[in-house]
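Protein chains in written order, with my numbering: chain V, 1 to 288; chain B, 1001 to 1337.
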C-alpha cells in the first residue's frame, strides 16, 4: 500500500513542484533597478533635506554622514537632489518608453498580420520616421515649444513607436504562418482575438528586450538635453542639469559631477543585465 | 442527405489571367458519421482540398470554382461572420504538427477553456470543468494537473490529444484531420487513430482523414478518394479500392506500400517511376499520363472525368477495368514509347 502510494505520488509531485526559475543575472538586474526605482519613488520620505534649499554657509562640502553625497556650489544636499532628480528622470523616461511601446507593437502586429496595402503604408511611414535624425528632431521640437521637459515628452514618442512597430511587424510575419495561428482561424476566433490574445503574447518579448536599451537611451537623452540646458530648468533637480551645473567645480568638488553620474551608470548596468537575461529567454523557461 | 457536398472544387494560385491550378474539379460527399479518407502523395492537393472546406486556403491561393454545401448551407456564400460561426461550431480541425499547433505561451487548459468560453459562451467554472472532462476523454492522465501544463511540457502524442480535445470541444459534426499522425511515431500513431475512432463514435462526427499512408486510411475509413495532381482519380468504398483498384495510379500506390509480413522478393514494394506533376495551367489530358504504365495516345486528348465502375466506385481512367473493355484487357500491357 505505502509503496504503491509512493509510486503514485512520484510523478504527481513533479508536476506540482514545477516552478519558475529565475536566473542569477535577472535577479541581480532586477535588484539594482528595483533599488534605484524604490529610492526614486520614496524620495520625499528618504531625502534628508529639501533638494532646493540653499545653504550658502556650506557650499561644496565633501561627502560625509551629514551629506551622503556632499553638497553643491549652492550648499544644496546632493543626495536629496539626486533622489529627486532620479524621480523626475525615471518618470519621464517611463512615459516616453512605455507609452509608445504598446502603440508600436499593436500597429506593427496589425501591419504584419494583414499585410498588403495597409502594411505598405505603415512600413513606409515607419521608414520616414526612423530616417529622421532623432536628436535634431527633439531639439527642433524644443525650439518650437520652448525649453523644458515638454520637448522630450512630445519628441521621443513621436519617433520611438516606429522601432517597436518594426520589431512587432517582423515577428508577426513569422508568427502568422505558424499552425497555432491557423488553428485560431479554424476554431472560428475573431481576428482581434487571434492578433491580440494569441499572436501578441508571442511577439512582445523582442520589444521588451529592446525597451531595456530604449530606456537607457531615453535616460541619457533626457540627461543630455538637460545638460545642454534645454531640458529640465533650474532649480528643478535633474541628473543632467546637476552634472552640468557641477562641472565648473570639477577640480575642487569632484563629487558634484561624479556621484550623480555614477547613479546613472549603475542604473544602466542594471538595465543591461536585465535585458540580457530577458533576451536569453531563460526568464520564461520552466524548470522541473 | 449528405452532411457535406463538394462539387467541382477548384483551387488556383498565380495571376487570374494565367492561373496555376492546384486543385481542379474535385467532388466529394460525406454522410453524417462517415469517415472519408483522402489519400495521395505530397502536392496532390489533398491538404488544400481539406482547407477549402473551411474556406481556409492559404493566401495567395484562392478557391476559383465549385460549390461547398454543409448541411444544406452554402459555405461559399457565407459572410465572414457566418463563416466564423461555421468554423466555431460545425467543423473541427486537427493539424499535422502537434508541436506548433498549440500556442506555446498558454497552458493547455486555458486554450480549451478559451474555446469553450468564446465559442459556446460557457462561464468560467463550467468551461473549466468541461475542459478537464475533455482532457480526460482524450486520454490525458491526471487531467486536473495537466490542465495547468504548458504545451512544451507534453510529448508529441499528448499534444495531439490536447489538439483533438481543442478541436472537438465545441462538439462539431465534422472533423477535418490533416495528417494527424504523420509527425508521431508508430505506436503513438496507433493510439491517436484509436482515439480518433472513439471520439468519432462518441460524438457521432463525420470525419475527413487526409493522409499519404494507405495503412492509416484502411484502418479508419469507410470510403476513400485517391488524389493525384490536384484531381480525384478514383474514389470508392475502402474494400473496393483495396481489392479491385481501377485506376493505374491507385494500383501503383498500393503496389508501393511495403507489407510487413512479406519478406520474399515477389512482394517487394514496387516504386512508381517519375515525379508528380508540377502545379501548372490546366491541360486537356490525363494528369497521370506521364507516369502511367499503361498510357495510350488517347490519354493525351480530352480531359479526364470520373466514371462509375461499381457501387459508389468511380475511376477517372476510361481504359482500365471498364466492364465494356473486357475483364482481362491486354491494354494494360501496352505502352506508349
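Quick reminder that beta carbons are idealized off the backbone N, C-alpha and C, glycines included.
>> Between residue 188 of chain V and chain B, is the shortest Cβ-Cβ distance under 8 Å, so that the two count as touching?
In response: Judged by the 8 Å Cβ criterion, residue 188 of chain V is in contact with chain B.
> Quick one: is residue 193 of chain V near chain B, going by C-beta distance under 8 Å?
Replying inline: Between residue 193 of chain V and chain B, the shortest Cβ-Cβ separation is below 8 Å.
> Since residue 88 of chain V and residue 212 of chain V are thought to touch, with beta carbons under 8 Å apart, how far apart are those beta carbons, to the nearest angstrom?
Replying inline: Between residue 212 of chain V and residue 88 of chain V the Cβ distance is about 20 Å, and since that is not below 8 Å, they are no contact.
>> Give me, in chain order, the residues of the same chain whose beta-carbon lies closer than 6 Å to that of residue 1098 of chain B; leave out the 5 immediate sequence neighbours on both sides.
In response: 1156, 1159, 1160, 1163.
> Since residue 1056 of chain B meets chain V, which of its residues come closer than 9 Å, beta carbon to beta carbon?
Replying inline: Close partners of residue 1056 of chain B in chain V (Cβ separation under 9 Å): 182, 185, 186.
> If we count Cβ pairs, one from each stretch, closer than 8 Å, do we get three or more for the region 1300 to 1308 of chain B versus the region 1248 to 1260 of chain B?
Replying inline: The region 1248 to 1260 of chain B and the region 1300 to 1308 of chain B do not touch, with fewer than three beta-carbon pairs separated by less than 8 Å.
> Quick one: is residue 178 of chain V near chain B, going by C-beta distance under 8 Å?
Replying inline: With 8 Å as the cut-off, residue 178 of chain V counts as an interface residue toward chain B.
>> Using the three-state DSSP reduction, which class does residue 1207 of chain B fall into: helix, strand or coil?
In response: The three-state secondary structure of residue 1207 of chain B, taken from DSSP, is strand.
>> Is it buried or exposed, residue 1187 of chain B, if we count other Cβ atoms within 10 angstroms and call 16 or more buried?
In response: Result: exposed.
>> By the 7 Å beta-carbon criterion, what residues does the region 196 to 207 of chain V contribute toward chain B?
In response: If the cut-off is 7 Å between Cβ atoms, the region 196 to 207 of chain V has 198, 201, 202 near chain B.
> Thinking just about the alpha-carbon of each residue, which of V/198, V/135, V/224, V/229 is nearest to the one in residue 110 of chain V?
Replying inline: The shortest C-alpha separation from residue 110 of chain V is found at V/198.
> To the nearest whole angstrom, what separates the beta carbons of residue 1205 of chain B and residue 1044 of chain B, a pair I think is in contact under 8 Å?
Replying inline: The Cβ separation is near 25 Å, so there is no contact.
>> For residue 1125 of chain B and residue 1114 of chain B, I'd like the C-alpha separation in whole angstroms.
In response: For residue 1125 of chain B and residue 1114 of chain B, the distance between alpha carbons rounds to 12 Å.
>> Using a Cβ-Cβ cutoff of less than 6 Å, which residues in the same chain neighbour residue 4 of chain V once the five nearest sequence positions on both sides are dropped?
In response: Legend: pLDDT at residue 4 of chain V = 42, less than 50; position of this residue unreliable, value from coordinates given subsequently. Cβ neighbours of residue 4 of chain V beyond the five flanking positions: none.
> At which residues does the alpha helix (DSSP H) containing residue 226 of chain V begin and terminate?
Replying inline: Going by DSSP, residue 226 of chain V is part of the alpha helix (DSSP H) stretching over 200 to 227.
>> Between the alpha carbons of residue 1250 of chain B and residue 1207 of chain B, how many angstroms are there, rounded?
In response: Spanning the two alpha carbons is a distance of roughly 22 Å.
> So, are the CB atoms of residue 1222 of chain B and residue 1238 of chain B less than 8 Å apart?
Replying inline: Yes.
>> Please list, in chain order, the chain V residues whose beta carbon lies closer than 9 Å to that of residue 1118 of chain B.
In response: Within 9 Å Cβ-Cβ: 187, 188, 189, 190, 193.
> If we ignore side chains and look at the alpha-carbon of each, how far apart do residue 1148 of chain B and residue 1167 of chain B end up?
Replying inline: The alpha-carbon of residue 1148 of chain B is positioned some 19 Å away from that of residue 1167 of chain B.
> Of all the CB atoms in chain V, is at least one closer than 8 Å to the CB of residue 1135 of chain B?
Replying inline: So, not an interface residue.
> Which residues does DSSP pair with residue 1010 of chain B in a beta bridge?
Replying inline: DSSP lists B/1065 as partners of residue 1010 of chain B.
> Using a beta-carbon distance below 8 Å, is residue 1095 of chain B in contact with chain C?
Replying inline: This model lacks chain C altogether; the protein chains it does include are V and B.
>> When you compare the region 1070 to 1089 of chain B with the region 1139 to 1147 of chain B, are there three or more beta-carbon pairs, one atom per stretch, that lie closer than 8 Å?
In response: No, the region 1070 to 1089 of chain B is not in contact with the region 1139 to 1147 of chain B.
> What are the partner residues of residue 1237 of chain B, as DSSP defines its beta bridges?
Replying inline: Residue 1237 of chain B pairs with B/1223.
>> Taking 8 Å as the limit between beta carbons, can you name the residues of its chain near residue 1086 of chain B, skipping five residues before and five after?
In response: Excluding sequence positions up to five before and after residue 1086 of chain B, its CB lies within less than 8 Å of the CB of 1054, 1070, 1073, 1075, 1078, all in the same chain and listed in chain order.
>> For residue 154 of chain V, which residues in the same chain have their Cβ closer than 8 Å to its Cβ, ignoring the five residues on either side in sequence?
In response: Within the same chain, residue 154 of chain V has close Cβ partners 141, 145.
> So, is residue 17 of chain V buried or exposed, given that buried needs 16 or more other C-beta atoms within 10 angstroms?
Replying inline: Its pLDDT being 47, under 50, residue 17 of chain V is placed unreliably by the model, and the measurement read from it follows with that caveat. A residue is called buried once 16 or more other Cβ atoms fall within 10 Å of its Cβ, and residue 17 of chain V, having fewer, is exposed.
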